Amino acid sequence: MPYQFDFRSVYNTILQNWFCVSATAEIEILLKQFPTIPLINASVCGIKDKNSVFAKEALIYNYPNPFTNMTKIEFKTSGGITSLQLLNGEGTVIQILVEATYSFAGTNSYNLYGAGLSSGVYYLRLQNIDKTFIKAIVKM
Numbered sequence: 039m040p041y042q043f044d045f046r047s048v049y050n051t052i053l054q055n056w057f058c059v060s061a062t063a064e065i066e067i068l069l070k071q072f073p074t075i076p077l078i079n080a081s082v083c084g085i086k087d088k089n090s091v092f093a094k095e096a097l098i099y100n101y102p103n104p105f106t107n108m109t110k111i112e113f114k115t116s117g118g119i120t121s122l123q124l125l126n127g128e129g130t131v132i133q134i135l136v137e138a139t140y141s142f143a144g145t146n147s148y149n150l151y152g153a154g155l156s157s158g159v160y161y162l163r164l165q166n167i168d169k170t171f172i173k174a175i176v177k178m
C-alpha cells in the first residue's frame, strides 16, 4: 500500500502550525521546503507584527530580582485588555495583580510586596489581547 504523504510534509506541517517555525527556519531544519498538509485544522501561531511593542524587547521586567520585601514590576502592553498575575511553582494563580483595559500601548508598573509570600520561585504571567508572556521571579 503506497503512502499518501511524505513524512517530511507531516513534520513541516507540525513545525509551521504548532511550533510557529518560519519558512526560512523550516528549510534549515528539513534541508529543503516541503508542502504542508491538512493535518491540523487551526494554527496556534498568530500574526507577527515586527512593529508591535512585543517584538522589540522584554515585556516584563522586575527589580530587584531576587527580592525580599518589594519588587517593582514594569510591563509593556500594546493596549487593550491586560492581565498580570502571580503564579506559584505549580502554575496556580495566587494573586491577580492587574486586570485592566489600556487605551494605548505603553509601559506600566506595579509594586509587588512580599509580605505573605514564602521564599521560593514565583511566576509573573502577562496576558495582553491574544499574547501571553511568563517571567520567573524569586522571593528570598
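Note that the working numbering has the sequence shown beginning at 39, numbered continuously upward.
For each residue, glycine too, the CB sits at the ideal point set by N, CA and C.
What you are looking at is a predicted structure, and each value in this text was computed from that prediction instead of being measured.
Three-state class that DSSP yields for residue i in the structure shown
i: residue 159; result: strand
i: residue 167; result: coil
i: residue 128; result: coil
i: residue 100; result: strand
i: residue 149; result: strand
i: residue 77; result: coil
i: residue 179; result: Because the chain is modelled from 39 through 178, residue 179 falls outside the range shown and cannot be assessed.
CA nearest to the CA of residue i, picked from the options
i: residue 50; options: 62, 173, 73, 42; result: 73
i: residue 70; options: 99, 46, 124; result: 46
i: residue 76; options: 134, 154, 52, 128; result: 52
i: residue 138; options: 130, 56, 131, 147; result: 147
C-beta contact flag for residue i and residue j at 9 Å
i: residue 177; j: residue 105; result: yes
i: residue 185; j: residue 136; result: Because the chain in this structure spans residues 39 to 178, residue 185 falls outside the shown range and cannot be described.
i: residue 152; j: residue 103; result: no
Limits of the unbroken beta strand (DSSP E) element including residue i
i: residue 68; result: Residue 68 -> not in any beta strand (DSSP E); alpha helix (DSSP H) instead, spanning 61-68.
Own chain partners of residue i with C-beta closer than 7 Å, once the 5 adjacent residues on each side are dropped
i: residue 143; result: 91, 115, 116, 117
i: residue 101; result: 109, 110
i: residue 54; result: 64, 74
i: residue 68; result: 46, 49, 50
Element boundaries [alpha helix (DSSP H), containing residue i]
i: residue 106; result: It is not in any alpha helix (DSSP H) - residue 106 carries neither H nor E in the DSSP assignment.
i: residue 141; result: That residue, residue 141, is in no alpha helix (DSSP H); it is neither H nor E in DSSP.
i: residue 45; result: 45-55
Contact set for residue i: own chain, Cβ-Cβ below 8 Å, skip 5 residues either direction
i: residue 170; result: 163, 164
i: residue 61; result: 54, 71
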